[in-house]
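Chemist:
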Amino acid sequence: MDYVDKIKIIKVDITKKQVDIIVNAANKELAGGGGVDGAIHRAAGPEMMDELKEKYKGCSVGEARKTKGYDLQAKLVYHAVGPIWRGGKNNEDELLRYAYSYCYDLMYIDNFKTIAFPAISCGVYNFPLQRAAKIVKEITLEKIKEHKQIKKVIFCLFSDKAFEIYQKTFADVLNN
Ligand code: AR6
Numbered sequence: 001m002d003y004v005d006k007i008k009i010i011k012v013d014i015t016k017k018q019v020d021i022i023v024n025a026a027n028k029e030l031a032g033g034g035g036v037d038g039a040i041h042r043a044a045g046p047e048m049m050d051e052l053k054e055k056y057k058g059c060s061v062g063e064a065r066k067t068k069g070y071d072l073q074a075k076l077v078y079h080a081v082g083p084i085w086r087g088g089k090n091n092e093d094e095l096l097r098y099a100y101s102y103c104y105d106l107m108y109i110d111n112f113k114t115i116a117f118p119a120i121s122c123g124v125y126n127f128p129l130q131r132a133a134k135i136v137k138e139i140t141l142e143k144i145k146e147h148k149q150i151k152k153v154i155f156c157l158f159s160d161k162a163f164e165i166y167q168k169t170f171a172d173v174l175n176n
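Numbering (the numbering used here), first residue to last: 1 to 176.
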């Protein structure tokens with residue numbers, strides 16, 4: 001499998017990406033908040049929150065709910081809920097993995113080709129970046145193999161540190 005063409009790691013504000021799907025790092029109330037969630041809601045406009053409130057009563061950790069992209073350049077937003085880091089013995093690894101897996105499966109069902117992820121759980125929720133990057137890599141390679149329609153997965157990192165950690169973690173498959 002040639003991953004070089006399918007996986008991109010960039011340092012960028014995810015709200016600026018032109019992709020089919022932007023993934024949000026939401027909370028289980030789907031109530032909005034700070035970080036990337038706040039940025040996505042601001043960029044999309046108030047109708048996105050209206051749709052969330054109208055359609056859903058929150059979302060379990062490890063799952064995602066979708067809305068339209070509104071003023072974003074993306075067609076859809078998947079509001080994924082990652083785990084809060086509580087020391088690592090409370091299923092955090094599995095729940096983070098499920099959150100990504102859930103998004104890749106939704107993308108398959110929706111038959112979309114390009115998706116952009118932030119580092120879910122690695123901000124306010126405190127999940128260690130290095131550990132998250134390893135999990136993200138594993139599930140991403142697995143899902144790219146499984147869902148042949150996936151054309152591009154873009155990891156949008158916000159800090160130099162996160163960008164470097166992702167680059168190192170993916171180095172063997174991306175030749176950089
Ligand atoms: N583009 C890409 N990445 C970003 C952006 C952006 N515009 N802004 C922040 N990040 P966080 P979490 C990075 O805290 O840990 C919210 O209040 C950030 O540097 O946004 O999953 C929600 O409502 C970090 O690496 O999400 C929840 O209550 C990563 O995005 C809670 O925070 C994720 O950080 C979710 O916490």
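All C-beta atoms in this analysis are idealised placements derived from N, C-alpha and C, irrespective of residue type, glycine included.
With DSSP collapsed to three states, give me the class of K66.
Modeler: For this step, residue 66 is matched to residue 66 along the sequence shown. It is a strand residue.
Chemist: Quick one: does the C-beta of T15 sit closer than 8 Å to a heavy atom of the ligand MN?
Modeler: The model depicted lacks the ligand MN and carries the ligand AR6 instead.
Chemist: What is the DSSP secondary structure of K53, reduced to helix, strand or coil?
Modeler: As a first step, residue 53 must be located in the sequence shown, where it is residue number 53. If DSSP states are grouped into helix, strand and coil, K53 belongs with the helices.
Chemist: Which term fits P83, buried or exposed, when burial requires 16 or more other beta carbons within 10 angstroms of its beta carbon?
Modeler: For the purposes of this step, residue 83 is taken as residue 83 along the sequence shown, with counting starting at 1. Taking a 10 Å sphere around the C-beta of P83, we find 16 or more other C-beta atoms and assign the residue as buried.
Chemist: Quick one: measure Cβ to Cβ for I7 and T140, integer angstroms, because I've assumed they're closer than 8 Å.
Modeler: Start at 1 with the first residue of the sequence shown, and residue 7 comes out as number 7. Start at 1 with the first residue of the sequence shown, and residue 140 comes out as number 140. Contact flag correct, Cβ pair sits at about 7 Å.
Chemist: Taking the alpha carbon of N126 as the point to measure from, which residue in Q149, D93, E164, A171 has its own alpha carbon closest?
Modeler: The sequence position of residue 126 within the sequence shown is 126, counting from 1. Of the candidates Q149, D93, E164, A171, the one whose C-alpha sits nearest the C-alpha of N126 is D93.
Chemist: Identify which residue in D13, I14, P128, L72 has its Cα closest to the Cα of M48.
Modeler: Along the sequence shown, read from residue 1 onward, the residue named residue 48 stands at position 48. Nearest option by C-alpha distance: L72.
Chemist: Could you give the DSSP three-state label for Y3: helix, strand or coil?
Modeler: As a first step, residue 3 must be located in the sequence shown, where it is residue number 3. Reduced to three states, the DSSP call for Y3 is coil.
Chemist: Check whether the region 141-150 and the region 44-58 touch, using three or more Cβ-Cβ pairs below 8 Å as the test.
Modeler: no
Chemist: Might you give, ordered along the chain, the residues of its own chain that have their beta carbon closer than 7 Å to the beta carbon of Y56, omitting 5 neighbours on each side?
Modeler: Residue 56 sits at position 56 when you count from the first residue of the sequence shown. Within the same chain, Y56 has close Cβ partners L30, R65.
Chemist: Would you report the Cα separation of M1 and N175, rounded to the nearest angstrom?
Modeler: Here residue 1 refers to the residue found at position 1 of the sequence shown. Here residue 175 refers to the residue found at position 175 of the sequence shown. Near 13 Å, if we compare the C-alpha coordinates of N175 and M1.
Chemist: Output the distance between the C-alpha atoms of N27 and D110, rounded to the nearest integer angstrom.
Modeler: To locate residue 27, count along the sequence shown from 1; it is residue 27. To locate residue 110, count along the sequence shown from 1; it is residue 110. Looking at the two C-alpha atoms, the distance is approximately 23 Å.
Chemist: Comparing the CB of I115 with every heavy atom of the ligand AR6, is any distance shorter than 8 Å?
Modeler: Along the sequence shown, one-based indexing puts residue 115 at 115. Not so, every heavy atom of the ligand AR6 lies at least 8 Å from the Cβ.
Chemist: Just to confirm, does G88 get its C-beta within under 8 Å of one of the non-hydrogen atoms of the ligand AR6?
Modeler: Position 88 of the sequence shown, counting from 1, holds the residue named residue 88. No, since every heavy atom of the ligand AR6 falls outside the 8 Å radius drawn around the Cβ of G88.
Chemist: Is it buried or exposed for G38, if we count other Cβ within 10 angstroms and need 16 for buried?
Modeler: In the sequence shown, the residue the question calls residue 38 occupies position 38. G38 should be labelled exposed.
Chemist: Got a sec: does the ligand AR6 put a non-hydrogen atom nearer than 8 Å to the Cβ of I135?
Modeler: Here residue 135 corresponds to residue number 135 of the sequence shown, with the count starting at 1. No, the beta carbon of I135 sits no closer than 8 Å to any heavy atom of the ligand AR6.
Chemist: In three-state DSSP terms, what is C103?
Modeler: By one-based count along the sequence shown, residue 103 stands at place 103. Three-state DSSP puts C103 in a helix.
Chemist: Exposed or buried, which one is V153 when buried takes at least 16 other CB atoms within 10 Å?
Modeler: Taking the sequence shown and counting its residues from 1, one reaches residue 153 at position 153. Around the C-beta of V153, 16 or more other C-beta atoms lie within 10 Å, and the residue is accordingly described as buried.
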